[in-house]
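In what follows, a structure is listed as structure tokens, so that the remarks can point back to it.
Chains as they are written, first to last, in full-length UniProt numbering: chain V, 1 to 356; chain E, 1 to 356.
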């Protein structure tokens, strides 16, 4: 059954959520989105795998990308969706309602509706956001078709409670290792305890005072944390290795290289292996388009703490913000649910700006 | 094929090792030992499961227990045994040669040979030493038939390089836990990192100076070590629990209760769960029989650091020492092997003492 765009953005969200599209299984929902876009004569379409790009070509002097991913994390008995009311708030409950088919629905409705927006638009619906970086559909588009995404400003419809969250922190993970020598624990003086040697690693982490860094007017909170620790062979053996898995979230004013150097300096006495590294994105709220967008949708912009795909736009030199319905704390939760008035708010905010 | 006792204690060791008897599978070797003991008219036999007791009843005013376990840890391509020479030393190689069929062979040969020892003897061969405490054959005998083991002195033929190792350290294992609160690591300030809270646990362990305690003339080295550490849920989650697995080896002058109190005091700020506890055994070398035994076998007695079943005799009020062929560092090793002259030395040492 084809998508019905004669309904509200809330009901369209529900239609999209009730078409399961776990990462790697986005074809059907991509086909359905393509089918409705094809009927809009003002859009030029492009598809790569299950990533779809729809562009207006009105000759406006400015262009804006509005993007959202169509995949979800695995369903856990939370599809089909249902409406529910909690404490007087109306929600649409189910997988994908927050992350991020509500955003996709708003974008789809406006893409078809707005034949003559005040700026040229490049709408993007993409695949594989919830899995490894190498598979990410937006990453694939930026690598293979950077010209296709050329724009002056980008909006990523990641859940942000229908308010603007600028940029994002960078993300680094490292494995810090200590080494020792095994022995029987009845003769521990023959060995060399690698877990004991990890004491200063934990001391450094426990004493660390994360920075709060103002970047382009927003204050980013950093974080340095052990997210895992492991060591030990058996109850009677002195362990010869201990590994502390460290996660560093760093402000977008710090480059990935600077973040690595900071970690290597902090843990200079230990073996450090960087296992994941993604630069952050500056909020770019000083861009004229960003200022106009902020004025149109209202509210006070906040920093985005988690890493999101806005960093891919930042990597292309495009200022980008997060703006979408849904509480990010409910993303991936079994009780994932979006307050339906946030869907309406985003729809109205974007329409107001794009038609002003 | 029945055991052939006309050979040397070395060759008898080989016969016993080539009859596999991993813990739980001791029946055949127990049957074979029983069969040769049955032919010795000076011995009164008793059997419980695969534990065998053979007693002389000569009316001597003193009685000595000589015991060894007949089970081994799992075979790992190291049976059948073979003779080999390394750096000019002749070895018998294979599973059980050290731990502890060489000791069992010496005991079996002497049990049958010595019809009129200078003290009454209670020979014990028992099962399930290499597995859980609840299954231990000597433990079962001490619980069910304490009178059967009544004696003035005990020798456990645990590998000790054919020299006397007195008593043993106690052994305690504890799980030290810290607790926190989960959150997404992009918003770590909402959570409470349990791994960071474990820093002082490792600091205590790293700074701890283990005691060296003289007990009845022997100096026991203690040890306090992390033998394991674990914590963490995922690379982007602040962990809400961390567990440090601690092993405390304590001198036999310290009771099990005192050891527990020491650990609870050291880690008073943390959740402490005692998961294993075994009291040590004083060396008992001041006992007259021990002095005579030491004089007969010669050498300088040393402390036993690992926990052994001598503690079970200590629990019955019987002074007990470890004395057996084989390097304890080779016990359980894939290249387990016993220097054959240590087998002969133990045989001669015991015979000299028991016939003096």
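Where a beta carbon is used, it is the ideal one built from N, C-alpha and C, also for glycine.
Asked: Secondary structure at residue 282 (chain E), three-state DSSP: helix, strand or coil?; Found: coil
Asked: Is the beta carbon of residue 296 (chain V) sitting closer than 8 Å to the one on residue 353 (chain V)?; Found: yes
Asked: May I ask you to list, following chain order, the residues of the segment 300 to 326 of chain V that have a beta carbon less than 8 Å from some beta carbon of chain E?; Found: 305, 306, 307
Asked: Going by alpha carbons, who is nearest to residue 101 (chain E) out of E:339, E:351, E:262?; Found: E:339
Asked: Any C-beta of chain E within less than 9 Å: which residues of the segment 35 to 62 of chain V qualify?; Found: none
Asked: So with Cβ pairs under 8 Å, would you call residue 98 (chain V) a contact of chain E?; Found: no
Asked: Indicate whether residue 146 (chain E) and residue 56 (chain E) have their beta-carbon atoms separated by less than 8 Å.; Found: no
Asked: Three-state secondary structure (DSSP) at residue 304 (chain E)?; Found: coil
Asked: Would you call the segment 34 to 41 of chain V and the segment 146 to 163 of chain V touching, i.e. three or more CB-CB distances under 8 Å?; Found: no
Asked: If residue 119 (chain E) sits next to residue 63 (chain E), beta carbons under 8 Å apart, how far is it from one beta carbon to the other, in whole angstroms?; Found: 6 Å
Asked: Going by CA-CA distance only, name the one from V:121, V:306, V:4 that's closest to residue 59 (chain V).; Found: V:121
Asked: Under 8 Å between C-beta atoms, does residue 80 (chain E) make it to chain V?; Found: no
Asked: Are the beta-carbon atoms of residue 201 (chain V) and residue 130 (chain V) separated by less than 8 Å?; Found: no
Asked: Determine which residues share a DSSP beta bridge with residue 52 (chain E) and list them.; Found: E:47, E:125
Asked: For residue 175 (chain V), name the three-state secondary structure that DSSP assigns.; Found: strand
Asked: Are the CB atoms of residue 371 (chain V) and residue 5 (chain V) nearer to each other than 8 Å?; Found: Residue numbering for chain V in the displayed model covers 1 to 356; residue 371 (chain V) lies beyond these limits and cannot be assessed.
Asked: At the 8 Å Cβ level, is residue 202 (chain E) part of the contact set with chain V, yes or no?; Found: yes
Asked: Quick check: is the beta carbon of residue 94 (chain E) nearer than 8 Å to any beta carbon in chain V?; Found: no
Asked: Just checking: is the beta-carbon of residue 239 (chain E) within a distance shorter than 8 Å of some beta-carbon in chain V?; Found: yes
Asked: Output the boundary residues of the beta strand (DSSP E) element that contains residue 230 (chain E).; Found: 223 to 231
Asked: State the DSSP-derived secondary structure class of residue 82 (chain V), mapped to helix, strand or coil.; Found: strand
Asked: Report the option in V:341, V:336, V:9 whose CA atom is closest to the CA atom of residue 95 (chain V).; Found: V:336
Asked: State the DSSP-derived secondary structure class of residue 262 (chain E), mapped to helix, strand or coil.; Found: helix
Asked: Quick test of your reading: residue 51 (chain E) and residue 154 (chain E), contact by CB under 8 Å. State the CB separation rounded to the nearest angstrom.; Found: About 15 Å separates the two Cβ atoms, so there is no contact after all.
Asked: Since residue 205 (chain E) and residue 226 (chain E) are thought to touch, with beta carbons under 8 Å apart, how far apart are those beta carbons, to the nearest angstrom?; Found: 5 Å
Asked: Within 10 angstroms of the Cβ of residue 179 (chain V), are there 16 or more other Cβ atoms? Answer buried if so, exposed if not.; Found: exposed
Asked: Quick one: measure Cβ to Cβ for residue 235 (chain E) and residue 242 (chain E), integer angstroms, because I've assumed they're closer than 8 Å.; Found: Actually they do not touch by this definition, with Cβ atoms about 16 Å apart.
Asked: So who's on the other strand from residue 243 (chain V), going by DSSP bridges?; Found: V:177, V:230
Asked: Starting from the beta carbon of residue 193 (chain E), find every residue of chain V whose beta carbon is closer than 7 Å, and list them in chain order.; Found: 225, 226
Asked: Determine contact between the segment 80 to 90 of chain V and the segment 311 to 328 of chain V, defined as no fewer than three beta-carbon pairs at a distance below 8 Å.; Found: no
Asked: Residues in the same chain with beta-carbon distance under 8 Å from residue 218 (chain V), minus the five sequence neighbours each way, listed in chain order, please.; Found: 166, 167, 283, 285, 301, 302, 303
Asked: Under 8 Å between C-beta atoms, does residue 206 (chain V) make it to chain E?; Found: yes
Asked: Tell me where the alpha helix (DSSP H) around residue 353 (chain E) begins and ends.; Found: 340 to 355
Asked: Skipping 5 residues on each side, what residues in its chain have a beta carbon closer than 7 Å to that of residue 332 (chain E)?; Found: 73, 99
Asked: Who are the neighbours of residue 242 (chain V) on chain E, taking C-beta pairs under 8 Å?; Found: 229
Asked: Cβ closer than 8 Å: which chain E residues qualify as neighbours of residue 170 (chain V)?; Found: Neighbours of residue 170 (chain V) on chain E: none; closest Cβ ~11 Å, over 8 Å.
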